[in-house]
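Going by the working numbering, the sequence shown opens with residue 778, and the numbers climb by one from there.
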Amino acid sequence: MVNESDIQPLLEAVDLLKALSNAHRLMILCLLVEEKEMSVGKLASFTKLSQSALSQHLAKLRDKDLVQTRKQKQSVFYSLKSDKIRTVVGTLHTIYCGPKSENA
Numbered sequence: 778m779v780n781e782s783d784i785q786p787l788l789e790a791v792d793l794l795k796a797l798s799n800a801h802r803l804m805i806l807c808l809l810v811e812e813k814e815m816s817v818g819k820l821a822s823f824t825k826l827s828q829s830a831l832s833q834h835l836a837k838l839r840d841k842d843l844v845q846t847r848k849q850k851q852s853v854f855y856s857l858k859s860d861k862i863r864t865v866v867g868t869l870h871t872i873y874c875g876p877k878s879e880n881a
């Protein structure tokens, strides 16, 4: 019989995979793997998302506890919340977004 403590890590993995199932959220997370931390303005410029669309994606990532924020004056900076998330997203980034010669 499976108890609650056995299934909790699986539920966390499911939440992460749900967040990764959207191309825009995956792009945001990949950018945070590359840059470590980015302002909302810089994320908007890289993703080409509207302010409201970016805000919705960032809210979803915050709700899933995948990113954290830091405020500096009037700017908000985002970074990945844990090394586990960095490892999973970093692996996907390496496989799918690495040098084109490796993916050929």
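Backbone N, C-alpha and C fix where the C-beta goes; we use that ideal spot for every residue, glycine too. Quick caveat: nothing in here was measured; it's all calculated off a predicted structure.
- Message: Give me, in chain order, the residues of the same chain whose beta-carbon lies closer than 6 angstroms to that of PHE854; leave out the 5 immediate sequence neighbours on both sides.
- Response: Closer than 6 angstroms at Cβ, skipping near neighbours: GLU814, SER816 and ARG847.
- Own chain residues within Cβ distance below 7 angstroms of MET804, not counting five before or after: Here the set comprises THR824.
- Task: Could you name the residues of the same chain whose beta carbon sits closer than 6 angstroms to that of ASN799, not counting the 5 residues immediately before and after it, in chain order?
- Result: By the criterion of a C-beta distance shorter than 6 angstroms, ASN799 is surrounded by no residue of its chain, once the five residues flanking it on both sides are discounted.
- Task: Would you tell me roughly how many angstroms separate the C-alpha atoms of SER852 and ASN780, rounded to the nearest one?
- Result: Approximately 44 angstroms, taken between the alpha carbons.
- If you drop the 5 nearest sequence neighbours on each side, which residues of the same chain put their C-beta closer than 6 angstroms to that of ILE862? Close CB contacts of ILE862 within its chain, under the 6 angstroms cut and outside five residues either way in sequence, are with LEU843 (chain order).
- Pairwise C-alpha distance: SER859 and ALA821: Going by C-alpha positions, ALA821 is about 22 angstroms away from SER859.
- Task: Answer yes or no: does any C-beta atom of chain B fall closer than 8 angstroms to that of GLU811?
- Result: In summary, chain B is missing from the structure at hand, where a single protein chain is found.
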